[in-house]
Amino acid sequence: MEILITFRRPHHMKKLTKLGIASISVFVLNTYTHTIVKADENRSSETSVTVELSTTEANAPQGEHSIVTNNDSSSAEDNVPSSVGDYTLATTTSETTRSTATPPKSNIVNEDGYVNVEGHPAALTDDGKNVVYSYTVAFKGMHSSDHGQTVRDIRLRIPDIPGAKVDFTLIGTRDANENPVPVNVPMKVILPDEIVSDSDTDPTTTLNSDSSIVPTAEELRAGKKPAIVNMDESGYNYSGDGIVHLYGISSKTLKSTAFRVAITLPLEEAKKIKYLPIDARFAWKCSQEGGIASYEEGCQSLEEYKSNQVYFADEDGNLSYGGLGNPTLVDESYVQDGHLIKSVASPNTYITPNNGDWTKIPNDTNIDPDTFFNYVKIFSLKENKSITYYASETEDMADQDVSAFYQGNVLIDYVINGSNQSIKPTYTDIAMTSVYGLDGRLKNYNTTENNLERPDYIIFNGQKYLLVGISSSSAPEIGPMKEGTLHVVYEYVKEAYNPVTPVTPTPTPVSPIVPEPVQPSQEEVKKENPLSHEGTVDPQPSQNSVTKSVMDLKQVGLPKTGDSSSNVFFSFLGALTGFLGFSLIKKRKSER
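Count along the sequence shown starting at 1, add 160, and that's the number in my numbering.
Structure, rendered in structure tokens:
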């Protein structure tokens with residue numbers, strides 16, 4: 161806004177009059193300027209809010225409405241010169257112009273990314289002879305509202321490694337309404353000459369031009385088999401023969417499709433390769449949808465653009481695929497959390513973040529506009545306002561990732577409590593193997609399953625040591641495996657020596673039992689008397705015999721009571737017995 165206050169000076173005006181008029185003019189000017197400044201302050205506060213809203217929506221998808229603020233509008237008469245002979249005071253203010261009208265709708269609609277390669281952890285096979293590296297590849301072609309310009313056909317590059325075996329499985333397709341349908345169907349690898357031009361051939365029995373195009377869910381149910389083309393023998397002039405293998409696949413749908421790649425390497429080869437990369441990118445820009453792209457169909461190869469090439473010239477000027485051609489070059493500087501953070505080949509390829517969802521492909525991150533393959537910009541899609549292009553300005557139509565072969569083992573050590581003194585050789589609980597299983601999950605270990613792993617005691621140098629637990633520096637006894645060696649350390653203490661002191665029992669006095677003497681009856685004496693037996697008997701027993709009989713009676717285990725009357729009794733009994741015996745012998749002789 162500009163205000164001009166002009167005073168025409170009459171030639172007869174006095175100096176005082178001139179001064180007064182000038183003073184009044186300055187007063188009016190200052191007053192008005194103050195008013196303008198206040199108004200500008202109010203507008204500035206409104207403008208800051210508007211800018212903040214615009215910044216918030218800066219990352220919104222193309223085609224959404226936004227508020228544009230322009231603070232640089234100024235009058236074309238800002239520098240009007242003063243008139244000769246006149247006093248001209250010019251005051252200019254910068255006025256913010258805010259458009260409330262809806263801007264023209266963008267003809268670029270971002271439907272997310274085009275290509276995503278997501279590597280999965282490599283795993284050792286059950287027989288321990290091979291290692292399987294696996295990946296999920298999702299892709300979605302660019303298309304337009306007039307069904308004209310499209311980008312289609314994926315080219316997959318895999319390093320050429322001795323003894324490698326590659327398998328493909330279709331894991332995601334679309335139905336007739338383009339709804340996502342998860343599947344699990346093995347894909348056949350075919351050669352270019354197996355594709356014939358007869359599109360009327362029964363697809364369930366003979367290969368045709370649709371063989372390398374992913375079948376829809378309905379076609380799969382009808383028996384059509386998915387296939388992928390080995391492009392090594394395609395006859396096309398492509399770079400990398402003998403360095404990488406090239407495969408081709410396409411899709412009819414305008415939505416994302418996905419397949420699984422499994423590369424099996426002999427264990428000895430896998431030990432050399434921790435990170436195995438692959439590369440997938442769109443190959444053709446065409447003027448129509450469907451079919452297999454080629455120069456014959458009027459399509460243009462995207463490899464004609466340097467920013468889309470996966471290969472590059474090395475320091476010697478030779479063509480190189482970098483780590484894609486030699487996976488041993490891929491180290492931790494390229495990888496974070498098991499995935500690539502930058503290209504292993506041409507630096508012009510930018511990495512697509514992984515989200516584990518093949519139905520929604522993310523856009524690239526950390527792009528450099530100077531080297532980025534911006535399809536929208538290169539082919540000036542914004543200039544044709546009458547056509548809507550479903551494209552992304554932050555996706556380069558290519559991606560790479562690695563499958564990581566993480567190895568680990570579990571060792572158990574046995575030490576004296578509070579020291580590093582080993583008392584038993586290290587036990588290998590799990591030998592070096594892949595820490596992930598074929599199902600993509602971490603394996604678990606357990607060191608408490610038996611006494612070989614976790615003995616309750618150990619004999620060391622003739623001493624017995626008892627288990628007290630694991631050391632403070634030990635890995636857990638049970639848990640998931642990890643890359644490298646897991647050390648479980650058990651600690652033991654020497655068993656305390658407690659000698660046993662023999663206890664002398666205190667004898668308990670026992671009172672002897674004195675039996676009552678029993679007087680034998682006459683019949684008992686006769687019965688026990690050997691003289692009643694037939695045979696020759698010494699008629700005159702000697703005194704020694706009597707004495708011996710008495711002694712024999714004394715040797716019977718009779719208790720000693722200390723009573724002298726017992727001795728007298730036994731003496732009398734012995735004499736009586738001898739007398740009776742003698743009398744009987746004498747009587748028998750007299751009877752004879």
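Yeah, the Cβ is synthetic: ideal placement off N, Cα and C, and Gly gets one too.
Worksheet item: What is the DSSP secondary structure of Asp-286, reduced to helix, strand or coil?
Response: Numbered from its first residue, the sequence shown carries residue 286 at position 126. It is coil, neither helix nor strand.
Worksheet item: Name the DSSP bridge partner or partners of Phe-299?
Response: Along the sequence shown, one-based indexing puts residue 299 at 139. The bridge partners DSSP lists for Phe-299 are Val-275 and Thr-417.
Worksheet item: Where does Asp-556 fall in DSSP's three states?
Response: Here residue 556 corresponds to residue number 396 of the sequence shown, with the count starting at 1. Note: Asp-556 maps to coil in three-state DSSP.
Worksheet item: Alpha carbon to alpha carbon, what distance is there between Pro-615 and Asp-573?
Response: As a position in the sequence shown, residue 573 is number 413, starting the count at 1. As a position in the sequence shown, residue 615 is number 455, starting the count at 1. Roughly 11 Å between the two C-alpha positions.
Item to complete: Report yes if the C-beta distance between Tyr-566 and Pro-487 is below 8 Å; otherwise report no.
Response: Counting from one through the sequence shown, the residue named residue 566 turns up at place 406. Counting from one through the sequence shown, the residue named residue 487 turns up at place 327. The answer is no: Cβ separation not under 8 Å.
Item to complete: Taking Pro-507 as the reference, give the member of Gly-450, Arg-601, Val-470 and Lys-537 with the closest Cα.
Response: Here residue 507 refers to the residue found at position 347 of the sequence shown. The shortest C-alpha separation from Pro-507 is found at Val-470.
Worksheet item: Does the stretch 487-497 come within contact of the stretch 335-355, defined as at least 3 CB pairs closer than 8 Å?
Response: no
Practice prompt. Going by CA-CA distance only, name the one from Ile-673, Thr-329, Lys-542 and Gln-560 that's closest to Ser-437.
Written response: On the sequence shown, residue 437 is found 277 positions in, with the first residue counted as 1. Residue 437 is actually Pro in this sequence, not Ser. Nearest C-alpha to Pro-437: Gln-560.
Discussion item. In the DSSP assignment, the alpha helix (DSSP H) including Lys-537 goes from what residue to what residue?
Written reply: As a working note, residue 537 is residue 377 in the sequence shown. Segment 535-538, the alpha helix (DSSP H) holding Lys-537.
Worksheet item: Quick one: what does DSSP say Ser-757 is sitting in, helix, strand or coil?
Response: This structure cannot settle anything about residue 757, because the visible part of the chain is limited to 161 through 752.
Discussion item. Taking only three categories from DSSP, how would you classify Tyr-481?
Written reply: Position 321 of the sequence shown, counted from the start, is the residue given in the question as residue 481. Coil at Tyr-481, not helix or strand.
Item to complete: In angstroms with no decimal places, state the Cα-to-Cα distance between Thr-509 and His-499.
Response: Here residue 509 refers to the residue found at position 349 of the sequence shown. Here residue 499 refers to the residue found at position 339 of the sequence shown. Between Thr-509 and His-499, the C-alpha separation is close to 15 Å.
Discussion item. Given this structure, state the Cα-to-Cα distance separating Val-649 from Tyr-657, to the nearest angstrom.
Written reply: Working through the sequence shown from its first residue, we reach residue 649 at position 489. Working through the sequence shown from its first residue, we reach residue 657 at position 497. Val-649 and Tyr-657: Cα-Cα distance of roughly 26 Å.
Discussion item. Buried or exposed, going by whether 16 or more other CB atoms sit within 10 Å of the CB of Phe-609?
Written reply: The residue labelled residue 609 in the question sits at position 449 within the sequence shown. Sequence inspection shows Glu at residue 609; the Phe mentioned does not correspond to that position. So Glu-609 ends up on the exposed side.
Discussion item. Just verifying my parser: in three-state terms, what is the DSSP assignment at Tyr-455?
Written reply: Position 295 of the sequence shown, counting from 1, holds the residue named residue 455. Correct three-state label for Tyr-455: helix.
Item to complete: To the nearest angstrom, report how far apart Ile-321 and Leu-479 are at their CA atoms.
Response: In the sequence shown, residue 321 corresponds to position 161, counting from 1. In the sequence shown, residue 479 corresponds to position 319, counting from 1. If you take the alpha carbons of Ile-321 and Leu-479, they lie about 19 Å apart.
Practice prompt. Report yes or no: do the stretch 457-474 and the stretch 517-537 share at least 3 C-beta pairs separated by less than 8 Å?
Written response: yes
Worksheet item: Just how far apart, CA to CA, sit Asn-447 and Asn-267?
Response: Taking the sequence shown and counting its residues from 1, the one referred to as residue 447 is at position 287. Taking the sequence shown and counting its residues from 1, the one referred to as residue 267 is at position 107. In the sequence on display, residue 447 carries Ser and not Asn. Those two C-alpha atoms are separated by around 18 Å.
Worksheet item: So Gly-597 packs on Ala-283, CB below 8 Å; how close in whole Å?
Response: As a working mapping, residue 597 is identified with position 437 in the sequence shown. As a working mapping, residue 283 is identified with position 123 in the sequence shown. Confirmed, about 6 Å.
Discussion item. Pairs of beta-carbons, one from the stretch 570-584 and one from the stretch 299-311, closer than 8 Å: are there three or more?
Written reply: no
Worksheet item: Under three-state DSSP, which class holds Lys-603?
Response: One-based indexing of the sequence shown puts residue 603 at position 443. Three-state DSSP puts Lys-603 in coil, outside helix and strand.
Discussion item. Can you tell me which residues form a DSSP beta bridge with Phe-436?
Written reply: Taking the first residue of the sequence shown as 1, we reach residue 436 at position 276. The sequence as given places Leu at residue 436; Phe does not occur at that position. The partner list for Leu-436 (beta bridge, DSSP) reads Ser-563.
Discussion item. Using a Cβ-Cβ cutoff of less than 8 Å, which residues in the same chain neighbour Tyr-653 once the five nearest sequence positions on both sides are dropped?
Written reply: On the sequence shown, position 493 is the one that residue 653 refers to. Before going on, a small fix: residue 653 reads as Val here, not Tyr. Taken in chain order, the residues that qualify are Ile-576, Asn-577, Tyr-625, Leu-626 and Val-628.
Discussion item. Taking the straight line between their C-alpha atoms, what separation do you get for Tyr-293 and Leu-316?
Written reply: The residue you call residue 293 lines up with position 133 of the sequence shown. The residue you call residue 316 lines up with position 156 of the sequence shown. Spanning the two alpha carbons is a distance of roughly 15 Å.
Discussion item. Helix, strand or coil for Leu-500? Go by DSSP, reduced to three states.
Written reply: If you number the sequence shown from 1, residue 500 lands on position 340. DSSP places Leu-500 in strand when its eight states are reduced to three.
Worksheet item: Ile-403: which of Glu-456, Ala-505 and Val-341 sits nearest, CA to CA?
Response: Counting from one through the sequence shown, the residue named residue 403 turns up at place 243. The option with the nearest alpha carbon to Ile-403 is Ala-505.
Worksheet item: Can you tell me the Cα-Cα spacing of Ile-638 and Phe-328, whole angstroms?
Response: What you label residue 638 is simply residue 478 of the sequence shown in a count that begins at 1. What you label residue 328 is simply residue 168 of the sequence shown in a count that begins at 1. Rounded to whole angstroms, Ile-638 and Phe-328 show a C-alpha spacing of 36 Å.
Discussion item. Below 8 Å, how does it come out for the stretch 411-423 and the stretch 515-530: are there three or more Cβ pairs, yes or no?
Written reply: yes
Worksheet item: Taking the Cβ atom as the reference point for each residue, do Glu-449 and Gly-568 lie within a distance shorter than 8 Å?
Response: Looking up residue 449 in the sequence shown gives position 289. Looking up residue 568 in the sequence shown gives position 408. No, these two residues do not count as a Cβ contact at 8 Å.
Item to complete: Take the Cβ of Gly-458 as the centre, count every other Cβ of all protein chains shown within 10 Å, and call the residue buried at 16 or more, exposed below.
Response: As a first step, residue 458 is located in the sequence shown; it is residue number 298 there, counting from the start. Exposed, since its Cβ has fewer than 16 Cβ neighbours within 10 Å.
Item to complete: Could you name the residues of the same chain whose beta carbon sits closer than 8 Å to that of Gly-332, not counting the 5 residues immediately before and after it, in chain order?
Response: Position 172 of the sequence shown, counted from the start, is the residue given in the question as residue 332. Here the set comprises Ala-298, Pro-340, Val-341, Pro-342, Val-343, Ser-416, Thr-417, Ala-418, Phe-419, Trp-518 and Thr-519.
Worksheet item: How close, in whole Å, do the beta carbons of Ala-443 and Ser-461 come, if the pair is a contact with beta carbons under 8 Å?
Response: Numbered from 1 along the sequence shown, position 283 holds the residue referred to as residue 443. Numbered from 1 along the sequence shown, position 301 holds the residue referred to as residue 461. The Cβ separation is near 7 Å, so the contact holds.
Fill in: Sub-8 Å separation of Ile-511 and Asp-497 beta-carbons
For the purposes of this step, residue 511 is taken as residue 351 along the sequence shown, with counting starting at 1. For the purposes of this step, residue 497 is taken as residue 337 along the sequence shown, with counting starting at 1. In this structure, Asp-497 does not lie closer than 8 Å to Ile-511 by Cβ.
Worksheet item: Assuming Tyr-274 and Met-557 make a contact with CB atoms under 8 Å, what is their CB distance in whole Å?
Response: To locate residue 274, count along the sequence shown from 1; it is residue 114. To locate residue 557, count along the sequence shown from 1; it is residue 397. Yes, Tyr-274 and Met-557 are in contact; Cβ-Cβ is about 5 Å, under 8 Å.
Fill in: Nearest to Thr-101 (by Cα), restricted to the options Thr-645, Gly-477, Phe-472 and Gly-451
Residue 101 is absent from the structure shown; the chain starts at 161 and stops at 752.
Item to complete: Whole angstroms is fine: what's the gap from Gly-279's alpha carbon to Asp-272's?
Response: For the purposes of this step, residue 279 is taken as the residue at position 119 of the sequence shown. For the purposes of this step, residue 272 is taken as the residue at position 112 of the sequence shown. Taking the straight line joining both Cα atoms gives about 20 Å.
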